Structures are given as C-alpha cells and as structure tokens.
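With our numbering, letter number 3 in the sequence shown gets 195, and the count goes up by one each step, no holes. The structure under discussion appears below in the form of structure tokens.
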Amino acid sequence: MKKRLITSALPYVNNIPHLGNLIQVLSADVFARFCRQYGYETMYVCGTDEYGTATETKALEEGVTPRELCDRYNEIHVDIYNWFEIEFNHF
193 MKKRLITSAL
203 PYVNNIPHLG
213 NLIQVLSADV
223 FARFCRQYGY
233 ETMYVCGTDE
243 YGTATETKAL
253 EEGVTPRELC
263 DRYNEIHVDI
273 YNWFEIEFNH
283 F
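Here's what the structure looks like:
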C-alpha cells in the first residue's frame, strides 16, 4: 500500500487562527481525505509554532509565561479546527 504523510504550515500560537490558517489546514484535510478514499495509508499531522519572538512578546503583553500562552492558544486552535471538522491524525 502506498503511504502519504501530509502536513500544513504550522500557525503561530500567539493569536487565534485566521482565514489563512484555515485555508491551509482545510486544503490539507481535503487532500488527506482524498488519499484515504483512494486507499492510501495516510497520516495528516499539524500543530502550532510555539517558538520565537512573537510568542515571547505576546506572553509579556498578557502577563503569562510562554508555556501558559502556548497552552491557552493551542486549545483555541484545536477548538476552532474541531468546529470545522478538520481531521488530523495528530495535532
């Protein structure tokens, strides 16, 4: 059986997802579903980009640690993607 590993660009975790993020994950989700329908062993993975200055700056603005910020916004990302019924194998 042919295998496919699919991912989309990792959105920054310093804000809620925007339309550009949704377009990327939705497009990859459609392709993953297509591959599964045609018999490919398919894994669709994504996540959030939790590193860099943007995360540190946002954490300072909100008075939390970068880890706390990442945990909070990661949950928001997951909730929004679930609402759109995007099916990751791993997020």
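Glycine included, each C-beta is placed from N, C-alpha and C at the ideal position. Predicted model, so just to flag it, every value in this text is computed and none were measured.
Best match in the options for proximity to residue i [C-alpha to C-alpha]
i           : options               : result
residue 231 : 213, 212 and 195      : 195
residue 276 : 229, 222 and 197      : 222
residue 258 : 235, 282 and 245      : 245
residue 262 : 193, 234, 197 and 203 : 203
residue 239 : 215, 201 and 272      : 201
residue 193 : 219, 260, 229 and 272 : 229
C-alpha distance - residue i paired with residue j, whole-angstrom precision
i           : j           : result
residue 270 : residue 279 : 11 Å
residue 226 : residue 255 : 43 Å
residue 237 : residue 265 : 18 Å
residue 211 : residue 283 : 19 Å
residue 234 : residue 224 : 6 Å
residue 215 : residue 241 : 17 Å
residue 274 : residue 220 : 15 Å
residue 268 : residue 260 : 13 Å
Where the beta strand (DSSP E) through residue i begins and ends
i           : result
residue 197 : 195–199
residue 236 : 233–237
Buried versus exposed, by CB contacts within 10 Å (16 or more), residue i
i           : result
residue 243 : exposed
residue 213 : buried
residue 198 : buried
Opening and closing residue of the alpha helix (DSSP H) in which residue i lies
i           : result
residue 254 : 245–254
residue 205 : Neither: residue 205 is in no alpha helix (DSSP H) and is coded neither H nor E.
Any contact of the segment 206–225 with the segment 249–266, i.e. 3+ C-beta pairs under 8 Å?
yes
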